[in-house]
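Trainee: Attaching a single structure in structure tokens format; questions to follow.
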Amino acid sequence: MVFETSSEEETIDAGERLAHLLPPRSVVLLIGNLGAGKTTLAKGIARGLGAADPAEVSSPTFTLIHEYGNPPRVYHIDLYRLDAPDQVATLGLDELFERNAIILVEWGEKFLTLMPADRVEVQLNITGAESRQLVVSGLRP
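Read in my numbering, the sequence shown has 32 at position 32, and its numbers run on one by one without any break.
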């Protein structure tokens, strides 16, 4: 599945559409360079699940994990600042992966051995100043 977007709002809209295709318990790796739109896509997924308004969703770069919804329906994780698997292990991701929630992981490709095999991956490619191509794999029909 491929989404083409030409603005931040279109990327949010694509995230909202993607949210409706995800099983209620999913791990989603958001993969792309800095500035590719990973957090922007997370805003749309959170909105699509009714967990948060896009304005409430921010990058968890320094806090590492944000929770959205009550009870939490979306966990948004950013592993950018971590360098070693033992650092990631202290986050308790295995426990999060078992929750009935959508787990969005930015920079999870750095630690693929710690990610579940049954996951969705979204590769965000920068195709222009505002345009993006989002390539989704691992979705089960």
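Virtual Cβ for every residue (Gly too), placed ideally from N, Cα, C.
If you're wondering where the values come from, they're calculated on a predicted model, not measured in any experiment.
Would you give the residue range spanned by the alpha helix (DSSP H) that Glu10 belongs to?
Mentor: Note, Glu10: alpha helix (DSSP H), 8-19.
Trainee: Among Asp86, Val28, Gly15, Leu22, whose alpha-carbon lies nearest the alpha-carbon of Arg47?
Mentor: Of Asp86, Val28, Gly15, Leu22, the residue nearest in Cα terms is Gly15.
Trainee: Can you give, in chain order, each stretch of the beta strand (DSSP E) that sits fully within the region 12-69 and has at least 3 residues?
Mentor: For the region 12-69, whole beta strand (DSSP E) runs of length 3 or above, ordered along the chain, are 26-31, 65-68.
Trainee: Grouping DSSP H, G and I as helix and E and B as strand, with all else coil, what is Asp83?
Mentor: Looking at Asp83 - three-state DSSP - the assignment turns out to be coil, as it is neither helix nor strand.
Trainee: Indicate whether Gly32 and Lys38 have their beta-carbon atoms separated by less than 8 Å.
Mentor: In this structure, Lys38 lies closer than 8 Å to Gly32 by Cβ.
Trainee: Give a yes or no on whether the C-beta atoms belonging to Ile102 and Ala36 are separated by under 8 Å.
Mentor: No, they are not a contact pair.
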